[in-house]
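Student: Let me give you the structure first, and then I'll get to my questions.
Protein chains: 2
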Amino acid sequence: MPVSPPRPKGPHLNALRAFEAAARLGSFSAAAEELSVTPGAITQHIKTLEAWAETPLFTRNARGVALTPMAEALVPEFTRAFDQLGLAVHALRKQVAPNKIKLATLPSLAQYWLPARLGKLRQIAPDLQVSVIALEEPPNLVREPIDMSLFFTSDPLGPNDIEVLRDRIFPICTPDVAARLTRLEDLRNETLLRDSTWSDDWEHWLSAQTDLGGIASGGTEHSLFAVALEEARHGGGVLMAHEALVQRFLDSGELVRPFAGIVDLPRKLVLHLSPKMVRSDQLAQIRDVLMEIAK
Amino acid sequence: MPVSPPRPKGPHLNALRAFEAAARLGSFSAAAEELSVTPGAITQHIKTLEAWAETPLFTRNARGVALTPMAEALVPEFTRAFDQLGLAVHALRKQVAPNKIKLATLPSLAQYWLPARLGKLRQIAPDLQVSVIALEEPPNLVREPIDMSLFFTSDPLGPNDIEVLRDRIFPICTPDVAARLTRLEDLRNETLLRDSTWSDDWEHWLSAQTDLGGIASGGTEHSLFAVALEEARHGGGVLMAHEALVQRFLDSGELVRPFAGIVDLPRKLVLHLSPKMVRSDQLAQIRDVLMEIAK
DNA sequence: TATTTTGGTGTAGAAAAACTCAACCTAGCT
DNA sequence: AGCTAGGTTGAGTTTTTCTACACCAAAATA
């Protein structure tokens with residue numbers, strides 16, 4: 478029974494948060510992603526926590542990490558704590574500014590699909606202030622100060638999810654380019670434009686047609702759909718497009734569909750609401766409005 | 478609808494913790510105390526949080542602070558979150574070292590009352606490793622990595638509290654000094670020793686005797702009971718003692734009670750257990766052992 | 001078998017956050 | 001008028017947190 482050490486300090490909150498994220502996601506790099514830091518930062522947090530607890534929490538296998546059985550048992554407790562904290566922060570945000578809404582979505586959706594809908598929304602509910610955050614990956618709505626997200630997913634819908642539309646893809650190009658294309662084989666001579674987010678959509682589409690291999694080989698891949706689309710508009714090739722994103726170019730005739738085939742992917746565009754939103758009465762109404770304009 | 482600001486960051490965890498503590502305790506300095514920092518640190522945390530939320534959370538009255546009505550509503554959410562986090566940390570500690578116990582208590586109890594009890598404990602349960610932390614104020618057992626606390630209090634007992642004994646006080650001194658004391662009035666010529674933690678015990682005791690005012694005026698106040706006791710042992714005056722702390726000196730005859738009067742204060746010595754302890758089965762047994770030896 | 005890829009580690013240095021200190025302010029007391 | 005309790009402020013310092021980048025090992029690929 479040693480006597481009177483200095484007042485013991487608890488572990489650092491940030492280290493606990495890093496632990497929880499790493500444990501929940503099963504990977505340091507995923508945790509790093511969620512917390513917007515580098516993987517090295519996570520490594521260090523976990524290490525300080527392990528030093529504090531005087532016990533290892535993860536086993537490091539060169540292919541990733543795995544929780545210690547001991548640590549495993551603790552994860553739900555920490556997850557509950559940080560979920561509750563996230564809820565509290567959401568409550569604070571809503572309390573302060575009930576009609577400021579943050580919506581996270583893909584850059585391409587933010588640019589080509591949302592603006593028209595948000596315009597409509599502004600007419601229906603002029604007091605709502607929606608700000609749009611463009612992200613490549615869906616954020617964790619419990620933890621981050623974001624109210625809604627709009628992403629493509631194939632996962633089954635949860636209780637806070639609303640399916641907006643199904644993803645339908647088909648090739649598009651300028652009328653000039655289309656004039657050169659009569660049979661699928663003609664694609665061999667064209668540049669196939671693709672977006673890195675959906676880089677195998679060409680394969681999906683082609684394999685749904687009378688298939689003949691080898692066409693989908695090369696092509697130019699762009700990290701932003703907007704860039705690929707721009708190239709298509711300048712006659713730079715044939716783009717595998719998503720219906721939701723190119724409707725207006727088809728309507729205007731600027732771009733056309735050289736082939737009739739449309740592929741319905743199992744992927745859907747889903748509006749996901751933060752847990753805080755579905756609960757609050759005031760916000761349930763906002764949600765209804767948004768579902769309305771989402772059509 | 479502004480588009481694509483950088484990914485919004487949540488507030489700093491430490492700022493949230495400071496807010497919760499300040500809100501719960503109703504005072505920045507109390508929060509500073511609980512978190513072992515200076516009041517200035519709390520001020521700054523609250524300010525960054527207010528800047529993040531873009532709204533004031535406290536109204537500053539020169540005599541202290543008060544929560545904004547808006548902030549008021551949020552406190553329970555944050556308290557729940559940090560309570561849950563504290564629980565999780567306790568779970569971690571117990572998981573790692575189930576039989577390491579941290580006990581916080583007053584320096585005087587740690588020095589004069591505990592050692593004999595802990596010795597007994599070591600015989601009953603040799604595998605328990607109890608470490609004692611001396612603190613002036615009872616810690617928050619939910620938040621700090623401490624399992625039990627032993628302090629005097631007049632508050633009613635909660636479900637995790639165990640009354641160990643009632644506080645009984647009386648004057649003591651060396652036999653030499655006692656020889657000079659036959660009537661209460663004789664105290665006027667002696668140095669009245671007192672501990673700053675319980676600085677008005679002399680008044681309590683005197684007013685319980687055939688009261689005559691003015692005796693309790695001066696005296697020497699020591700911040701540590703141990704120092705006052707040491708002075709009494711060297712014949713430096715008459716000390717207002719607590720039964721629990723001086724039993725052994727009375728037994729050995731080194732110190733004596735110059736007057737028969739004993740005052741039973743409404744204050745009791747209470748063993749408080751962290752919420753995690755009462756729940757766990759394994760630790761319920763430890764608790765029983767401790768109650769046993771507490772007698 | 002060689003090569004690449006994936007996910008984690010280690011360290012140095014830099015940036016950001018958190019803290020202390022000491023002077024200062026204000027309203028309520030004595 | 002002076003004192004006190006509680007908070008604030010700003011400068012300066014310490015701690016924490018992060019990044020950058022080189023490195024490592026197994027697994028996947030070729």
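So the protein sequences, as listed, match chains A and B.
Going by my numbering, the first sequence opens with residue 478, and the numbers climb by one from there.
Going by my numbering, the second sequence opens with residue 478, and the numbers climb by one from there.
For each residue, glycine too, the CB sits at the ideal point set by N, CA and C.
Among 568(A), 751(A) and 523(A), which has the Cα closest to the Cα of residue 499(A)?
Tutor: The option with the nearest alpha carbon to residue 499(A) is 523(A).
Student: Inspect the beta-carbon positions of residue 639(B) and residue 607(B) and report whether they are closer than 8 Å.
Tutor: No.
Student: Within the 8 Å Cβ cut-off, does residue 515(B) reach chain A?
Tutor: Cβ-Cβ to chain A under 8 Å: no for residue 515(B).
Student: From this set, 548(A), 718(A) and 713(A), which residue's C-alpha is nearest residue 503(A)'s C-alpha?
Tutor: Of the listed residues, the one whose Cα sits closest to residue 503(A) is 548(A).
Student: For the beta strand (DSSP E) containing residue 582(A), name the first residue and the last one.
Tutor: Its beta strand (DSSP E) spans residues 577-582.
Student: Pull out every residue of the stretch 569-589 of chain B whose Cβ sits closer than 7 Å to any Cβ of chain A, in chain order.
Tutor: Listed by position, the residues of the stretch 569-589 of chain B near chain A (Cβ gap below 7 Å) are 569, 572, 573, 579 and 587.
Student: From the beta carbon of residue 686(B), is the nearest beta carbon of chain A less than 8 Å away?
Tutor: Output row for residue 686(B): interface = no.
Student: When the Cα of residue 637(B) is compared with those of 542(B), 557(B) and 619(B), which residue comes out closest?
Tutor: The shortest C-alpha separation from residue 637(B) is found at 619(B).
Student: In the DSSP assignment, what residue or residues form a beta bridge with residue 543(A)?
Tutor: DSSP lists 536(A) as partners of residue 543(A).
Student: Step through the CB atoms of chain B and report whether any lies within less than 8 Å of the CB of residue 628(A).
Tutor: For residue 628(A), the answer is no, since every Cβ of chain B falls outside 8 Å of its Cβ.
Student: Which same chain residues end up closer than 7 Å to residue 698(A) when comparing Cβ atoms and leaving out the 5 residues on each side of it in sequence?
Tutor: The residues are 671, 673 and 676.
Student: How long is the line joining the alpha carbons of residue 705(B) and residue 501(B), rounded to whole angstroms?
Tutor: Cα-Cα distance, rounded: 36 Å.
Student: Could you tell me whether the Cβ of residue 633(B) comes closer than 8 Å to any Cβ of chain A?
Tutor: Not an interface residue.
Student: Could you give the DSSP three-state label for residue 442(A): helix, strand or coil?
Tutor: Absent from the model: residue 442(A). The displayed extent of chain A is 478 to 772, so no value can be given.
Student: What would DSSP say about residue 711(B), mapped onto helix, strand or coil?
Tutor: Coil.
Student: State buried or exposed for residue 488(A), treating a residue as buried only when at least 16 other CB atoms are found within 10 Å of its CB.
Tutor: Buried, because 16 or more other Cβ atoms sit within 10 Å of the Cβ of residue 488(A).
Student: Are the beta-carbon atoms belonging to residue 625(B) and residue 749(B) less than 8 Å from one another?
Tutor: Yes. Within cutoff.
Student: Mapping the DSSP letters down to three states, classify residue 585(B) as helix, strand or coil.
Tutor: Looking at residue 585(B) - three-state DSSP - the assignment turns out to be helix.
Student: What are the residues in the stretch 521-543 of chain B lying within 8 Å of chain A by C-beta distance?
Tutor: For the stretch 521-543 of chain B, which is checked against every Cβ of chain A, the residues closer than 8 Å are 530, 531 and 532.
Student: Between the stretch 536-554 of chain A and the stretch 719-735 of chain A, do at least 3 Cβ pairs fall closer than 8 Å?
Tutor: Counting Cβ pairs under 8 Å, fewer than three are found: no touch.
Student: Consider the Cβ of residue 491(B): report whether some Cβ of chain A lies at a distance smaller than 8 Å.
Tutor: It does; some Cβ of chain A falls within 8 Å.
Student: Ordered along the chain, which non-local residues of its own chain (more than five positions away) have a Cβ less than 7 Å from that of residue 587(A)?
Tutor: Excluding positions up to five away in sequence, the list reads 609 and 611.
Student: So is residue 484(B) in contact with chain A if we call contact Cβ pairs under 8 Å?
Tutor: Output row for residue 484(B): interface = yes.
Student: Along the chain, where does the alpha helix (DSSP H) containing residue 594(B) start, and where does it finish?
Tutor: Note, residue 594(B): alpha helix (DSSP H), 591-601.
Student: Compile a chain-ordered list of the residues in the stretch 596-625 of chain B whose CB is closer than 9 Å to at least one CB of chain A.
Tutor: Listed by position along the chain: 596, 598, 599, 605, 606, 607, 608, 609, 610, 611, 612, 616, 620, 621, 622 and 623.
Student: Do you know how far the Cα of residue 736(A) is from the Cα of residue 686(A)?
Tutor: C-alpha separation (whole angstroms): 10 Å.
Student: Taking 8 Å as the threshold (C-beta atoms), are residue 732(A) and residue 710(A) in contact?
Tutor: Against a cut-off of 8 Å, the Cβ pair of residue 732(A) and residue 710(A) comes out as a contact.
Student: Ends of the beta strand (DSSP E) at residue 610(B)?
Tutor: From DSSP, the beta strand (DSSP E) with residue 610(B) extends over 606-611.
Student: Determine the extent of the alpha helix (DSSP H) in which residue 634(B) is found, giving its start and end residues.
Tutor: Looking at the DSSP string, residue 634(B) is not in any alpha helix (DSSP H), and its letter there is neither H nor E.
Student: For residue 653(A), count neighbouring Cβ atoms within 10 angstroms of its own Cβ and tell me buried if that reaches 16, exposed if not.
Tutor: Residue 653(A) comes out exposed.
Student: What does residue 555(A) touch in chain B if you count any residue whose Cβ is under 8 Å from its own?
Tutor: Going along chain B in sequence order, the residues near residue 555(A) (Cβ under 8 Å) are 562 and 565.
Student: Against chain B, does residue 487(A) count as a neighbour if the rule is that its beta carbon must be under 8 Å from one of theirs?
Tutor: Cβ-Cβ to chain B under 8 Å: yes for residue 487(A).
Student: Express the C-alpha separation of residue 623(B) and residue 764(B) in angstroms, rounding to a whole number.
Tutor: Residue 764(B) and residue 623(B): Cα-Cα distance of roughly 14 Å.
Student: Looking at the strands, I want to know which residues DSSP matches up with residue 640(B).
Tutor: According to DSSP, residue 640(B) bridges with 747(B).
Student: Could you check whether the Cβ of residue 554(A) sits closer than 7 Å to any heavy atom belonging to the ligand ZN?
Tutor: The ligand ZN is not part of this structure, which contains no ligands at all.
Student: Using CA coordinates, which residue listed in 631(B), 568(B), 493(B) and 660(B) is at the minimum distance from residue 747(B)?
Tutor: Closest option to residue 747(B), Cα to Cα, is 631(B).
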